[in-house]
Ligand code: ZN
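Numbering (our numbering), first residue to last: 186 to 337.
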């Protein structure tokens, strides 16, 4: 188990140091900002959703702690090629994973969480859950028409 934990930390470290899909997205048609005042994390998320409702591109910019940056990086990787409904289902499952709540999303049919599971460890640190979910709340805002979300 500790070997697995080390691997997880390595993935988070790597995505924080070298965030995937970081930068502007010319031609984006969905955009939202997220702010986690508790930690100071800020993110701007941009998406390119095609007329069939498939997320073709996802990119983010901003600054934040290692958890929020790694989470945004892993999220943008997981979103590409997904239908909007699949992305929403992923968010519900991810939320259940990091909060440890057996609520909505747990056991739901849908795309596997895959690499996103490395963030399960934040469960033990309630204040970091908001860091891990910031990008996802921002995604929800972007899919619902934009604006700014704050975790408080
Ligand atoms: Zn944070």
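Backbone N, C-alpha and C fix where the C-beta goes; we use that ideal spot for every residue, glycine too.
(1) Could you tell me whether any non-hydrogen atom of the ligand ZN is closer than 7 Å to the CB of residue 226?
(2) Should residue 249 be counted as a contact of the ligand FAD given a C-beta to heavy atom distance under 7 Å?
(3) Any heavy atom of the ligand ZN closer than 7 Å to the Cβ of residue 258?
(4) Taking the alpha helix (DSSP H) that residue 235 falls in, what are its first and last residues?
(5) Determine the burial state of residue 315: buried for a count of at least 16 other Cβ atoms within 10 Å of its Cβ, exposed for fewer.
(6) Check for me: the alpha helix (DSSP H) holding residue 284 runs from which residue to which?
(7) Return yes when the Cβ of residue 333 is within less than 8 Å of the Cβ of residue 203, no when it is not.
(8) Quick one: what's got a C-beta closer than 7 Å to residue 250's C-beta in the same chain, skipping five residues either side?
(9) Looking only at its own chain, which residues have a Cβ that is under 6 Å from the Cβ of residue 258, when we skip the five neighbours before and after it?
Quick look at the numbers:
(1) yes
(2) Ligands displayed in this structure: the ligand ZN; the ligand FAD is not among them.
(3) no
(4) No alpha helix (DSSP H) holds residue 235; DSSP gives it neither H nor E.
(5) Counting other Cβ atoms within 10 Å of its Cβ, residue 315 reaches 16 or more and is therefore classed as buried.
(6) 269 to 284
(7) no
(8) 224, 226 and 316
(9) 200, 204 and 205
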